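K.L.:
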Amino acid sequence: LFRSIDPTTVDEFGIPVLRFNYSWSDFERKQARHMHNTFEEIIENMGGIVLGEKPGADRDYGLLNPGRIIHEVGTTRMGSDPKKSVVNEFEQLHDAKNVFIVDAGVSA
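Following our numbering, the numbering of the sequence shown begins with 70 at its first residue and continues without gaps.
1. Going by the DSSP bridge assignment, what does T145 pair with across the sheet?
2. Does the distance from the C-beta atom of P85 to that of D75 stay below 8 Å?
3. Quick one: using the 10 Å Cβ neighbour count with 16 as the cut-off for buried, is V171 buried or exposed?
4. In terms of residue numbering, what span does the alpha helix (DSSP H) encompassing D95 cover?
5. With DSSP as the reference, label D150 as helix, strand or coil.
6. Does the count of Cβ pairs from the segment 127-137 and the segment 152-169 closer than 8 Å reach three?
7. If you reduce the DSSP assignment to three classes, tell me which class R128 lands in.
8. From the DSSP output, read off the bridge partner residues of I74.
9. Can you say whether A101 is buried or exposed, counting buried as having 16 or more other CB atoms within 10 angstroms of its CB?
10. With DSSP as the reference, label V155 as helix, strand or coil.
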């Protein structure tokens, strides 16, 4: 998955929007299949009833377009200008000096 600026689409303010370029790999498909099997096992072990059908290989085990089923990283902008970014180069919030963002959400 990589992001790029969409050269043809802008938001309501005229700012170009992000384009997500992706291709699911066998690793993600195996991970999604494992997740569904694990959830089913947990539900049954708790005495619950599994509702609906598990998506199979024909439906990529439930993998949909990015943004519909998962949260892509990169929503915390890094920069030196507090008016244009949320954190500095040390992932420290501009507006709260004792708070650091230490996850994959930071994007330069």
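By construction, the Cβ of each residue, glycine as well, lies at the ideal position given by its N, Cα and C atoms. Since this is a predicted model, take the numbers as computed values, not measurements.
P.N.:
So, from the data block:
1. The residue given as residue 145 occupies position 76 in the sequence shown. For T145, which the question treats as bridged, DSSP gives the partners V175.
2. Indexing the sequence shown from 1 puts residue 85 at position 16. Indexing the sequence shown from 1 puts residue 75 at position 6. A contact, by the Cβ cut-off of 8 Å.
3. In the sequence shown, counting from the first residue as 1, residue 171 sits at position 102. Counting Cβ neighbours within 10 Å, V171 comes out exposed, since fewer than 16 surround it.
4. To locate residue 95, count along the sequence shown from 1; it is residue 26. Element bounds for D95: D95 to N114.
5. Translated into positions along the sequence shown, residue 150 becomes position 81. Reduced to three states, the DSSP call for D150 is coil.
6. Fewer than three pairs of CB atoms, one per stretch, sit closer than 8 Å, so the segment 127-137 makes no contact with the segment 152-169.
7. Start at 1 with the first residue of the sequence shown, and residue 128 comes out as number 59. In the displayed model, R128 falls within a helix according to three-state DSSP.
8. Start at 1 with the first residue of the sequence shown, and residue 74 comes out as number 5. According to DSSP, I74 bridges with L87.
9. The count along the sequence shown starts at 1 and reaches residue 101 at position 32. It counts as buried.
10. As a working mapping, residue 155 is identified with position 86 in the sequence shown. Three-state DSSP puts V155 in coil, outside helix and strand.
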